[in-house]
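Count along the sequence shown from 1, add 626, and you get the number used in my numbering.
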Amino acid sequence: MITRKCCSYRVSVATLSRAMCRRRGCSCTGRLAVVQPAARGKRPYCVLLLRAPAYNRRPAIAASARPPSFITREWPTFRNAGSPLRPLPGTGTKTTAMRTNTLLLLAFLGLASTLSAQSKRARIDSIVRAYHRYGMFDGAVLVAEGGLVLYEGAFGPANREWNIPNRTDTKFMIGSISKPLTAVLVLLQVQKGLLALDSTLAHYLPEFRNKPAGRVTVRQLLAHTSGMPNYDIIRDFFPRISRSYFSRADYLRVFIDSALVFEPGTRYAYSSWGYFTLGYLVERVTGKSYAGLMREELFRPLRMNRSGSYAHTQIVAGRASGYDYRFGTFASADFRDQSNTMGTGDIYSTVGDLFRFHLALSGGSLLRDDLRAAMFTPGMAPAHYGLGWFNKPFTWGTGDSVASNFHLGMTDGFIAFIRRIPATNSVVVLLCNSAPTDFFGISNNLLKVLYGQPVLLKEPVHKLMERRIGERGAQAAVAAYRGWRADSARYGVDWISMNFLAQQLLEAKRYDDARIISENNLAEFPEKDLVQVTMGNIYLALGRKEDAARCFRNALRLNPAFDEARNRLRELEAQ
């Protein structure tokens, strides 16, 4: 008798009726499954079918490291006459031969699928190892296809002081990937009738009455169309406010009187303050803490047992330390008090737990269909942010693309990224404890493997620049850059990482070096709004106000929703 483990039970695949598993938190949620009817006094349980979803184009046998064991055993009988694995009717010699041929064919297809999975797994491993070798990835990675984990790996140290290695179950801060989790928590309250998407903050929270954001709706907060500003309107937010402890009410006072930057619902502008407000809102309407709600309504039901809401005074077993890579050497990340990141960036998790979150969203057992559809419906340009997710197609070849949902998270010393492909129930999760890294480049290359596309890895120029700056200064690094860029077959340039170099130099108050690197970036990537803003901030630090204003205007021309550029320009014009 063949057995498989699912829903934490060891069950038989014999005499089962076919259905979709609806048990919340089940590892097979959302995939084709069979449900074992309950015996007297027992609860029903489920088991995966030995056939992958049709869209995955896999054979009728689940891939295994060796030929399926049931080929040499008695063929199971299925109660459902429509099952693709039911035995052939009849008992004669002809039927026996047909059965034998069928089994041989299934065995061959199973082995072919195994080889295909092994090939993909090997390619993925070589790609991640290359990024690790280039100094661009320390952390954990998970790749799944068809709802099944294809690859899990861990690289580099979780703690550099003690040289403790990362593991696949290491806990990482996930930054703004907390936002999709907060969005689901809010939608669960909508599902229960405690909140309505189109009701305003003033309707639920008396402290927002007669405040600029009082007329903002729950839906607009979820979609970043509220007009609420982001924390970067406060110039010294990171060196001062981000490191201070706040009660919920005290932190709300930091921004509750801030003017809206546009009419709610008319534009998109990313606002972490908006998601803090959502966390505050669910606490008020439920009477429970955000951390407790996450634990009760998401983490426990989905078996995300290694996830939680972090406070900096906590001792969290198995949590990685965060590091920044600066000019050839690692440094411990700056401190941030997590009291001001509730709802927006305070969650720690693992690649496995985020995979379970993905499965729950894929299966439909967590949210109503209309709420789930709203999450993944592209919103306003340019971000196409739904309710908690960026929703843009993933392109893997010339003219070839597929719908995807993704989110990134960046907090001191940590970078996290997740991209889902609903059509194939695939997902890539990257959790990194050394910043910066090319999260888009890594994830795109891993997904290309799933689509059978070639991947060409090049040595990252910004890592060479970091070392050259540390050894000989920025001027020498720019001179070397021209040679590296010319050898495009061997070296690759990532504009985000190049811009981050300039930002690091600015934060280190190496203003002349920052200017040299940023001016080179501006010449190379003049159409990138973030490059323009970084250059403007460096000119401000050097007292070159006219040059700074020009850069901020250029950034607003490229992206009218760039609040930091607008605020800096307003400050300059007011002087």
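Quick reminder that beta carbons are idealized off the backbone N, C-alpha and C, glycines included.
(message) Taking 8 Å as the cut-off, does the segment 1077 to 1087 touch the segment 1118 to 1134 (at least 3 CB pairs, one atom from each stretch)?
(response) Counting C-beta pairs with one atom in each stretch, the segment 1118 to 1134 and the segment 1077 to 1087 have three or more that are closer than 8 Å, which means they touch.
(message) Looking at the secondary structure, which residues open and close the beta strand (DSSP E) in which E1097 lies?
(response) In this chain, E1097 is not harboured by any beta strand (DSSP E); it is covered by the alpha helix (DSSP H) spanning 1087 to 1098.
(request) Can you have a look at S1069 and say buried or exposed, based on whether 16 or more other CB atoms are within 10 angstroms of its CB? (result) With 16 or more other Cβ atoms within 10 Å, it is buried.
(request) Look at the alpha carbon of F1102 and the alpha carbon of Q1130, and state the distance between them as a whole number of angstroms. (result) Looking at the sequence shown, residue 1102 is not Phe but Ala. Rounded to whole angstroms, A1102 to Q1130 spans 17 Å at the Cα level.
(message) Which of the three DSSP states is assigned to E700 in this structure?
(response) Confidence in E700 is poor, its pLDDT being 28 and thus under 50, which makes the residue's placement unreliable; the coordinate value appears in the next sentence. E700: coil per DSSP, three-state reduction.
(message) On the criterion of 16 or more Cβ atoms from any shown chain inside 10 Å, does A784 qualify as buried, or is it exposed?
(response) The residue in question, A784, is buried, as its Cβ has 16 or more Cβ neighbours within 10 Å.
(request) Pair every Cβ in the segment 770 to 786 with every Cβ in the segment 896 to 909, then say whether three or more of these pairs are closer than 8 Å. (result) The count of Cβ pairs closer than 8 Å, one atom from the segment 770 to 786 and one from the segment 896 to 909, stays below three, leaving the stretches out of contact.
(message) Can you tell me where the alpha helix (DSSP H) holding S804 begins and where it ends?
(response) Run containing S804: 804 to 817, per the alpha helix (DSSP H) assignment.
(message) Looking at L1198: is its Cβ nearer than 8 Å to the Cβ of D1155?
(response) L1198 is not a Cβ neighbour of D1155, given a cutoff of 8 Å.
(message) Tell me which residue opens and which closes the alpha helix (DSSP H) that M1124 is part of.
(response) Boundaries of the alpha helix (DSSP H) harbouring M1124: 1121 to 1133, taken from the DSSP string.
(message) Rounded to the nearest angstrom, what separates F864 and G905 at their Cα positions?
(response) Distance from the CA atom of F864 to the CA atom of G905, rounded to whole angstroms, is 21 Å.
(message) Less than 8 Å between the beta carbons of L1127 and E1092, yes or no?
(response) Contact: yes.
(message) At the level of alpha carbons, what is the spacing between V1224 and L928?
(response) It is not possible to answer for residue 1224, since the shown part of the chain is limited to 627 through 1201.
(message) Quick check: what's the CA-CA separation for V810 versus T1160?
(response) When the Cα atoms are used, V810 and T1160 turn out to be separated by approximately 34 Å.
(request) In the DSSP assignment, find the alpha helix (DSSP H) that holds N1146 and state where it starts and stops. (result) For N1146, the uninterrupted alpha helix (DSSP H) run begins and ends at 1137 to 1150, by DSSP.
(request) Helix, strand or coil for L1156, going by three-state DSSP, please let me know. (result) Judged by DSSP in its simplified three-state form, L1156 adopts helix.
(request) Could you name the residues of the same chain whose beta carbon sits closer than 6 Å to that of T1003, not counting the 5 residues immediately before and after it, in chain order? (result) Within its own chain, the residues whose Cβ lies closer than 6 Å to the Cβ of T1003, once the five positions on either side in sequence are excluded, are G1012, listed in chain order.
(request) Excluding the 5 residues preceding and the 5 following T1021 in the sequence, name in chain order all residues of the same chain whose CB lies nearer than 7 Å to its CB. (result) Excluding positions up to five away in sequence, the list reads S1027.
(message) For I803 and A957, what's the separation of their Cα atoms in angstroms?
(response) Each residue's Cα considered, the two are about 24 Å apart.
(request) Assign T808 to buried or exposed, taking buried as 16 or more other Cβ atoms, counted over all protein chains shown, within 10 Å of its Cβ. (result) Its Cβ being crowded by 16 or more others within 10 Å, T808 is buried.
(message) Tell me the DSSP secondary structure of W788 in three-state form.
(response) DSSP places W788 in coil when its eight states are reduced to three.
(request) Kindly indicate which residue of P838, R755, S1123 has the alpha-carbon position closest to the one of F781. (result) Per the Cα distances, R755.
(message) DSSP three-state label for C654, please.
(response) Confidence is the limiting factor: at C654 the pLDDT is only 49, short of 50, which leaves the residue's position unreliable, though a coordinate-based value still follows. The answer is coil: DSSP assigns C654 none of H, G, I, E or B.
(message) In this structure, how does DSSP classify P855 when only helix, strand and coil are distinguished?
(response) P855: coil per DSSP, three-state reduction.
(message) Buried or exposed for T721, going by 16 or more other Cβ atoms inside 10 Å?
(response) Any reading at T721 is ruled out, since the residue's pLDDT is 46, under 50, leaving its predicted position unreliable.
(request) Measure the C-alpha to C-alpha separation of E1172 and Q1158 and round it to an integer number of angstroms. (result) If you draw a straight line from the Cα of E1172 to the Cα of Q1158, it is about 14 Å long.
(request) Put M1001 into one of helix, strand or coil per three-state DSSP. (result) In the three-state reduction of the DSSP assignment, M1001 falls in the helix class.
(request) Select from G1169, N1180, P1186, C1177 the residue whose C-alpha is nearest the C-alpha of Q1201. (result) G1169 is the residue among G1169, N1180, P1186, C1177 whose C-alpha sits nearest the C-alpha of Q1201.
(message) Bridge partners for N1017 per DSSP, in chain order?
(response) N1017 is bridged to N1031.
(request) Determine, using beta carbons only, whether T796 and G944 come nearer to each other than 8 Å. (result) Going by C-beta atoms, T796 is nearer than 8 Å to G944.
(message) For A743, count the other beta carbons within 10 Å of its own beta carbon; 16 or more makes it buried, fewer makes it exposed. Which is it?
(response) A743 sits buried, since 16 or more C-beta atoms from the chains shown fall within 10 Å of its C-beta.
(request) Could you check what DSSP says for M799 in three-state terms: helix, strand or coil? (result) Here DSSP, grouped into helix, strand and coil, assigns M799 to strand.
(request) Can you give me the start and stop residues for the alpha helix (DSSP H) that G905 sits inside? (result) First-last of the alpha helix (DSSP H) with G905: 898 to 912.
(message) Can you look up R1183 in the DSSP assignment and give me helix, strand or coil?
(response) In the three-state reduction of the DSSP assignment, R1183 falls in the helix class, which pools H, G and I.
(request) For my contact list, D876 and K837 are in at a C-beta cut-off of 8 Å; report their separation, rounded to the angstrom. (result) With 8 Å as the limit, D876 and K837 do not qualify as a contact, their Cβ atoms being about 16 Å apart.
(request) For the segment 968 to 984 and the segment 764 to 781, state whether three or more C-beta atom pairs, one from each stretch, are separated by less than 8 Å. (result) Because the criterion of three Cβ pairs below 8 Å is met, the segment 968 to 984 and the segment 764 to 781 touch.
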